[in-house]
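Numbering (the numbering used here), first residue to last: 1 to 396.
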């Protein structure tokens with residue numbers, strides 16, 4: 001019902017249903033607290049020195065309250081403005097109310113409306129911001145009353161609890177919504193994976209399995225072709241079922257140079273052209289986190305696949321490994337036929353995403369980048385740059 005009465009929240013919290021509901025609650029609290037402040041002021045008009053001033057203060061707070069109900073884009077600037085309004089309204093009680101009644105513990109002009117900023121700070125910025133707003137409101141209350149009474153301490157304690165509850169609840173709501181979005185994303189990925197699995201199983205996998213069987217039957221060079229088809233079949237099955245293609249440790253370190261040498265040796269066994277790849281690397285091992293080394297080596301393998309497929313039968317390949325202060329640079333260069341400028345963009349636009357996904361995509365996932373330089377009859381060079389650490393973890 002509340003969602004039908006109030007316009008939707010805009011801004012960073014628009015995509016968080018739980019936080020959206022918390023903002024609805026804060027906005028309604030602010031409105032009803034204002035109505036209660038008006039009720040209290042109407043009952044004390046004879047006690048006030050300047051009752052008109054009280055109505056002016058509440059009119060300003062009312063305009064702000066209505067503005068927030070209509071313009072629901074929440075940001076830090078609004079929190080600062082509301083905090084200033086709350087403090088000014090509390091301190092205006094010194095000028096409007098009778099000193100004796102005020103020192104006896106009478107309610108301030110805004111009353112419980114001043115608690116709205118504590119709730120808003122908690123929902124918008126978490127428990128620390130809520131407690132900061134609470135401290136400022138408490139200082140204003142103490143200045144207004146002079147000597148705190150039992151009622152002042154009671155109200156301040158309740159406001160402190162409100163600050164904690166609002167801040168911790170908003171933090172939990174954001175975490176819950178983020179977990180929900182991640183779960184929905186994984187479910188969508190699984191559904192797409194199952195759809196692709198059905199399509200691939202009916203076509204590509206069966207073709208690879210057939211080539212594997214026929215290669216074994218024919219023997220000779222056909223057996224090597226069959227073995228290659230069999231390995232690709234297993235990798236493709238692992239991809240569409242979500243099974244890891246090979247064990248990738250989540251912790252520990254790996255020697256990147258050693259992994260690249262093993263890759264070259266493996267390709268040399270599978271294809272004679274792989275033996276033409278030469279590697280130049282530092283004398284000391286280039287040690288990187290294991291879970292980051294595997295995607296980088298896979299990107300190098302994809303670059304070597306491109307050499308075998310497009311560079312020409314006589315192309316030679318060089319791999320250069322460099323370790324800099326903040327990143328590792330792997331360059332894969334060949335002296336093949338090369339390609340025209342813009343060829344990669346044309347291939348991606350045509351739906352051939354091998355380079356974009358296998359090389360560029362992997363490096364982007366690692367927080368690095370991949371740069372290709374090529375020209376007709378001048379070969380192709382891939383420069384793969386990977387930071388030593390995970391940028392996402394460094395930001396946390």
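Ideal Cβ placement from N, Cα and C applies to all residues, glycine included.
Shortest Cα-Cα distance from residue 370 to any of 358, 376, 385 and 285 involves 385.
Check the Cα spacing between residue 302 and each of 43, 153, 361 and 286: the tightest is with 361. Scanning 226, 108 and 382 for the CA closest to the CA of residue 307 turns up 382. Here residue 52 is exposed. Its C-beta has fewer than 16 other C-beta atoms within 10 Å.
Proximity to residue 79 across 70, 93, 64 and 91 peaks at 64, based on C-alpha coordinates.
In this chain, the alpha helix (DSSP H) harbouring residue 57 covers 51-70.
Listed in chain order, the non-local C-beta contacts of residue 387 below 7 Å within the same chain comprise 326, 327, 367 and 368, local neighbours out to five positions each way being set aside. Minimum Cα-Cα distance from residue 28 among the listed residues 47, 39 and 68 corresponds to 68. The C-beta separation of residue 379 from residue 338 comes to about 5 Å, placing the pair in contact by the 8 Å criterion. Residue 336 and residue 320 have their C-alpha atoms roughly 17 Å apart. Shown here, residue 175 sits in a helix according to DSSP, grouped into three states.
By the Cβ rule, the stretch 115-130 counts as touching the stretch 158-178, because three or more pairs are nearer than 8 Å. Between residue 358 and residue 313, the alpha-carbon positions lie close to 22 Å from each other. A contact between stretches requires three or more CB pairs, one per stretch, nearer than 8 Å, and the stretch 255-265 fails this requirement with the stretch 217-226. In this structure the stretch 118-126 does not lie against the stretch 34-53, because fewer than three pairs of beta carbons, one per stretch, are closer than 8 Å. With 16 or more other Cβ atoms inside 10 Å of its own Cβ, residue 113 counts as buried. In this structure residue 37 is in contact with residue 58, their Cβ atoms being roughly 6 Å apart against a cut-off of 8 Å. Beta-bridge analysis with DSSP links residue 374 to 380. Residue 285 and residue 258 do touch by the CB rule: their CB atoms are close to 7 Å apart, below 8 Å.
At a cut-off of 4 residues, the continuous stretches assigned as alpha helix (DSSP H) that sit fully inside the stretch 261-345 are 290-310.
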